[in-house]
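Notes follow once the structure below has been shown.
Numbering (full-length UniProt numbering), first residue to last: 1 to 348.
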């Protein structure tokens, strides 16, 4: 949260907003405004009884179990999207995938993203006399470059080519592969056949963040179950979509949002959003490192997170109540290289 509210866009949107007309108990915007004012103004710099997890409406983040900072980051962004969809445009960027077909035809696919998850390559150095494996050190930026240049798209291209050879359009074939998580041709066919009469099958692919949320369809049986509890079909459908088809979470959401009208945020096509971003930002923007969230602990199931955030020309460490200027401190940079988990980049 300290990293998020170090961004000027978040500060301007929430820190300068008044508390009037906001419901203190159930309003996410109220909680964000309170958080922003506390982190940026110093007026509320008194430790309270309740932490941020209590307003999140998420079973995992409301527990005392070890949390995942990246999952929590995405969860908070989803909450912000529900009240202010355009604010998170600052995180969106365009990537281009190059598909080369057997006939040497080349197709470029533009894709809208909010984050990029990298697989860090680890190379075995040697095994000592005790059988302990030692690995070569892999720098983050080196892994970033390798990942960007070694994306394997062969399986998807082959399946796409076969589906198009069967007479399906490129759009339908792409949707089928997306709907089956880049599965086999047979799985894509099974996905396509029941949907041939679907009037939305040829609609452009809609904007989706790469958080593996899956499809926005809902189970009819779960909708009926919620209707039997007295909720309208429209409201039940929204509750299931918002909670990723988790019926129990949908029930909790419905009771905590008694005044919701069931309207879903307007979906923007990815093509239109990509064109908008390219026109506004250019095709090759430069980025600079803004913050790094590091995990401190001997294993992933324990420990806690700290944040290194750039404030002007200085780097500041936020470790619970400890706030330290670490500009020029080599040990801090070694910790970032060793324990860096979430990297936040800012357009230069």
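Just so it is clear, CB atoms sit at the ideal spot from N, CA and C, and this is done for glycine as well.
Item                                                                                                                                                                      : Value
So, are the CB atoms of residue 93 and residue 77 less than 9 Å apart?                                                                                                    : no
Have a look at the DSSP bridge pairing and note the partners of residue 95.                                                                                               : 111
Under 9 Å, do residue 293 and residue 117 count as touching if we go by C-beta distance?                                                                                  : no
Ordered along the chain, which non-local residues of its own chain (more than five positions away) have a Cβ less than 8 Å from that of residue 323?                      : 316 and 317
For residue 287, which residues does DSSP report across the bridge?                                                                                                       : 347
Distance check for residue 304 and residue 190, CA to CA, integer angstroms please.                                                                                       : 45 Å
Can you tell me whether residue 5 is helix, strand or coil according to DSSP?                                                                                             : helix
Could you tell me whether the Cβ atoms of residue 264 and residue 290 are closer together than 9 Å?                                                                       : no
Which two residues bound the contiguous beta strand (DSSP E) that contains residue 244?                                                                                   : No beta strand (DSSP E) contains residue 244, which DSSP labels as neither H nor E.
Taking its Cβ as the centre, do 16 or more other Cβ atoms sit within 10 Å of residue 126, making it buried, or is it exposed?                                             : exposed
Quick check on DSSP: helix, strand or coil for residue 101?                                                                                                               : coil
How is the beta strand (DSSP E) around residue 306 delimited, first residue to last?                                                                                      : 304–311
In three-state DSSP terms, what is residue 78?                                                                                                                            : helix
Could you have a look at residue 203 and say whether DSSP puts it in helix, strand or coil?                                                                               : coil
With a CB to CB cut of under 6 Å and the five nearest residues on each side skipped, what residues in its chain are close to residue 212?                                 : For residue 212, the predicted structure reports a pLDDT of 38, less than 50, and the residue's modelled location is therefore unreliable. The matter cannot be settled from this model.
Since I believe residue 262 is in contact with residue 226 (beta carbons under 8 Å), could you give me their beta-carbon distance rounded to a whole number of angstroms? : That belief does not hold up - the Cβ atoms of residue 226 and residue 262 are roughly 11 Å apart, past 8 Å.
Are residue 30 and residue 22 closer than 9 Å when you measure CB to CB?                                                                                                  : yes
Taking 9 Å as the cut-off, decide whether the C-beta atoms of residue 176 and residue 188 are in contact.                                                                 : yes
Tell me the rounded alpha-carbon separation between residue 356 and residue 314.                                                                                          : Residue 356 falls outside the range modelled here, since the chain spans only 1 to 348, and no answer is possible.
Going by other Cβ atoms of all chains shown within 10 Å of its Cβ, with 16 needed for buried, is residue 103 buried or exposed?                                           : exposed
Would you mind stating whether residue 242 and residue 233 have Cβ atoms separated by less than 9 Å?                                                                      : no
So the candidates are 8, 180, 115 and 105; which of them puts its Cα closest to the Cα of residue 341?                                                                    : 115
Whole angstroms is fine: what's the gap from residue 186's alpha carbon to residue 253's?                                                                                 : 37 Å
Could you tell me the boundaries of the alpha helix (DSSP H) in which residue 192 lies?                                                                                   : 185–192
Among 245, 200 and 98, which has the Cα closest to the Cα of residue 221?                                                                                                 : 245
Pick helix, strand or coil for residue 296, following the three-state DSSP scheme.                                                                                        : strand
Could you check which residue in 333, 260, 339 and 288 has the C-alpha nearest to that of residue 299?                                                                    : 339
Give the DSSP-derived three-state secondary structure of residue 55 in the structure shown.                                                                               : For residue 55, the predicted structure reports a pLDDT of 47, less than 50, and the residue's modelled location is therefore unreliable. A value from the coordinates is still provided. DSSP places residue 55 in helix when its eight states are reduced to three.
Assuming the contact rule is C-beta atoms closer than 8 Å, residue 168 and residue 192 should be a hit. Round their C-beta distance to whole Å, please.                   : 7 Å
Could you tell me the distance, in whole angstroms, from the CA atom of residue 363 to the CA atom of residue 240?                                                        : Residue 363 cannot be examined here, being either before or after the span of the chain that is shown, 1 to 348.
Just verifying my parser: in three-state terms, what is the DSSP assignment at residue 218?                                                                               : coil
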